[in-house]
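Undergrad: Residue 45 in my numbering sits at position 54 of the sequence shown, and the numbers go up by one each step.
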Amino acid sequence: MIQNPVRRQVLLAAVIIALAALLWASASLHATFIDALQFSKDYVESQPLVSRLAFVVLAALSAMLVLFSSIAVVPVAVYAWGQGETLLLLTGGWFLGANLAYLIGHLFGRRATLFFVPAETLDHYAELLSVRMSVAEVALLKLALPSEMPSFALGIMRYPLTKFWPVLLASELPFALWAVYLSAALIENRFAAFVAVLLAGLAVAAVIGRRLLRRR
-8 MIQNPVRRQV LLAAVIIALA ALLWASASLH ATFIDALQFS KDYVESQPLV
42 SRLAFVVLAA LSAMLVLFSS IAVVPVAVYA WGQGETLLLL TGGWFLGANL
92 AYLIGHLFGR RATLFFVPAE TLDHYAELLS VRMSVAEVAL LKLALPSEMP
142 SFALGIMRYP LTKFWPVLLA SELPFALWAV YLSAALIENR FAAFVAVLLA
192 GLAVAAVIGR RLLRRR
């Protein structure tokens, strides 16, 4: 649902900035945060293959399941592996999860959906997405919605894979870059950069949401 996107993003920004400010304002709290990251890094380095596989699986699940997110472990990954490797693993996991969601929607979702939605309606929206909307517009739609919803829906409506993969790349990579950079700024105690990048990302999401509302 994309109702009141600006108000939602402002509220989210206020909550995140307040939590980050609390973390940076308290030296002991920030030290505890870094100690926790170091503890996690020590474990990750003792299990290099298992930890990377687990991170990719978490990222994949977050692209498929409601109320499941891999964002909370991104700072741990950045602290342990650096920004470049974290970006690669995070994007790869999201790409894998989105493709699995698409496949489930493609193989099983349409049959189930037909119990509730007429085939003509599904075909109408499938044509709207694949013919009348560009890849960039579908990518914006996916970027504005919860990550698991569009992949299932595009699979149900048999959106072409040759277009689905560019949509994934265009929608997942910017968010992965945003999450990784925010995590690095949080770890490195760069408050101004953290706030600026956070607000920029949420502003873009709000603009996309408003644009989609107008098109509805």
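Here a beta-carbon is modelled for each residue, glycine too, at the ideal position from N, C-alpha and C.
1) Nearest to Leu81 by alpha carbon, out of Ile7, Val64, Ala191, Phe185?
2) May I ask you to verify whether the segment 67 to 76 touches the segment 155 to 175, counting CB pairs closer than 8 Å and requiring at least 3?
3) Put Leu193 into one of helix, strand or coil per three-state DSSP.
4) In this structure, how does DSSP classify Ser17 when only helix, strand and coil are distinguished?
5) Could you pull the start and end residues of the alpha helix (DSSP H) that Val158 belongs to?
6) Kindly list the residues whose CB is nearer than 6 Å to the CB of Lys154, restricted to its own chain and excluding five residues on each side of it in sequence; keep chain order.
7) Straight-line CA distance for Ser42 to Gly83?
8) So, is Gly88 buried or exposed, given that buried needs 16 or more other C-beta atoms within 10 angstroms?
9) Just curious, the alpha helix (DSSP H) that Phe46 is in, first and last residue?
10) Identify, in the order they occur along the chain, each residue of the same chain with its Cβ nearer than 8 Å to the Cβ of Ile178, setting aside the five sequence neighbours on each side.
11) Whole angstroms is fine: what's the gap from Asn73's alpha carbon to Ser37's?
TA: Quick look at the numbers:
1) Mapped onto the sequence shown, residue 81 falls at position 90. Nearest C-alpha to Leu81: Val64.
2) yes
3) As a working note, residue 193 is residue 202 in the sequence shown. Correct three-state label for Leu193: helix.
4) What you label residue 17 is simply residue 26 of the sequence shown in a count that begins at 1. In the structure shown, Ser17 sits in coil (DSSP, three-state: anything other than H, G, I, E or B).
5) The count along the sequence shown starts at 1 and reaches residue 158 at position 167. First-last of the alpha helix (DSSP H) with Val158: 152 to 178.
6) Taking the sequence shown and counting its residues from 1, the one referred to as residue 154 is at position 163. The answer, listed in chain order, is Val126.
7) Numbered from its first residue, the sequence shown carries residue 42 at position 51. Numbered from its first residue, the sequence shown carries residue 83 at position 92. Computed Cα separation, rounded: 15 Å.
8) Within the sequence shown, the letter at position 97 stands for residue 88. Per the 10 Å Cβ criterion, buried.
9) Here residue 46 refers to the residue found at position 55 when the sequence shown is read from its first residue. First-last of the alpha helix (DSSP H) with Phe46: 39 to 53.
10) In the sequence shown, counting from the first residue as 1, residue 178 sits at position 187. Ile25, Leu28, Pro66, Val69, Tyr70, listed in sequence order.
11) Translated into the one-based positions of the sequence shown, residue 73 becomes position 82. Translated into the one-based positions of the sequence shown, residue 37 becomes position 46. For clarity, residue 73 is Gly in the given sequence; the question names Asn instead. Rounded to whole angstroms, Gly73 to Ser37 spans 16 Å at the Cα level.
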